[in-house]
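Take a look at the structure below.
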Amino acid sequence: MLVRDEVIDYFREYEHIPRDILERELKIPMKSRFIISIIGPRRAGKTYFLFSLSKKIENQVYLNFEDPRLAEITYRELRDVIRIFIEIYGRNPDYLLLDEIQNIENWEKTVRELHDLGKYRIFLSGSSSKLLGKEIATQLRGRSLSYILLPFSFREFLRFKQITIKKYLSKDEEARIKNLLRNYMEFGGFPDVVKNEEKLKILKEYSDLILFRDFIERHRIRNLGLARMIHTFMIQNYSKESSVRSLYNKLKTNIKVGKDTVYE
């Protein structure tokens with residue numbers, strides 16, 4: 620349910636979007652008449668990518684549907700939120716930046732309507748587990764283009780560390796980059812992992828979050844123990860070819876499980 624004072628408070632707070640944001644390598648069209656959807660893994664930086672877009676455009680409204688003040692609105696109230704923006708700032712936005720839009724049930728109905736008005740350029744984001752490219756294409760009925768944002772590439776990782784790649788490197792610079800490469804190969808490029816010291820703890824939390832939110836909840840899996848074992852197996856063997864048969868043969872040595880259950 621929309622609470623007007625909370626929406627006004629939200630807009631006042633988001634006047635101060637962070638400006639010191641790493642420019643990502645992903646390029647998207649800014650003038651497209653298609654709805655642009657940014658999908659990708661959780662915590663890959665989709666919110667900050669939308670922040671970076673807001674730096675490049677004027678007369679835009681950014682709505683984060685993970686913010687408690689917006690999390691309970693219905694899809695029908697989305698247009699009311701835009702009207703409140705117009706009342707506050709005295710102008711109709713040209714760009715709509717809709718972050719974690721999948722949290723609004725039936726969001727696609729209002730987004731299609733807003734797009735069909737022809738007044739807005741719309742950018743939306745969502746976690747890939749709930750907002751897959753093929754699902755967006757179905758929900759938005761051919762009105763969208765999807766772009767995948769992944770964690771930092773090594774080049775982005777180096778830029779974040781304020782390292783400039785030059786044609787010629789000193790021995791010290793070369794050693795520094797090799798050290799960073801080992802770090803990147805071990806811990807990856809999730810932005811919060813790169814920024815913080817407790818890397819393994821953060822990665823473990825990400826792993827659990829993906830397991831429960833994107834695997835167990837999404838597919839309504841009841842056998843949690845089996846789901847966790849499959850999840851662990853896939854992480855440990857991600858670089859190898861695997862089959863359901865090989866997975867079953869591995870699992871049956873540890874737990875009593877039927878082949879049909881593993882297939883399901």
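Numbering follows my numbering, with no gaps: position 202 of the sequence shown is 821.
Backbone N, C-alpha and C fix where the C-beta goes; we use that ideal spot for every residue, glycine too.
Less than 7 Å between the beta carbons of Y681 and Y739, yes or no?
no
I'd like the span of the beta strand (DSSP E) that includes I821, first residue to last.
Segment K818 to L828 is the alpha helix (DSSP H) holding I821; no beta strand (DSSP E) there.
Go through its chain and collect everything with a Cβ distance to E644's Cβ below 8 Å, but skip five positions before and after it.
S772, R774 and E775
Establish whether the CB of E860 and some CB of chain C are separated by less than 7 Å.
Structure shown: chain C not included; a single protein chain is present.
On a CA-only basis, which of E792, L669, K818 and P687 is nearest N802? Give me that one, please.
K818
Where do the ends of the beta strand (DSSP E) carrying F809 lie?
Counting along the chain, F809 falls outside any beta strand (DSSP E), and DSSP gives it neither H nor E.
When you compare each of K674, V730 and L764 to F653 by their alpha carbons, which one comes out closest?
L764
Just confirm the distance between the C-beta atoms of I657 and L768, as a whole number of angstroms; I'd bet it's less than 8 Å.
5 Å
Rounded to whole angstroms, what is the Cα-Cα separation between A794 and T783?
14 Å
Going by the beta-carbon positions, is the gap between L621 and E696 smaller than 7 Å?
yes
Looking only at C-alpha atoms, which of I640, R832, D699 and F668 sits nearest to Q781?
I640
When R688, P712 and Y714 are compared against N722, the one with the closest alpha-carbon:
R688
Helix, strand or coil: which one does DSSP assign to V730?
helix
I need the boundaries of the alpha helix (DSSP H) containing D628, first residue and last residue.
R623 to E632
Do V876 and L870 have their C-beta atoms within less than 7 Å of each other?
yes
Span of the beta strand (DSSP E) holding G745?
R740 to S746
Can R662 and F831 be called in contact, C-beta distance under 7 Å?
no
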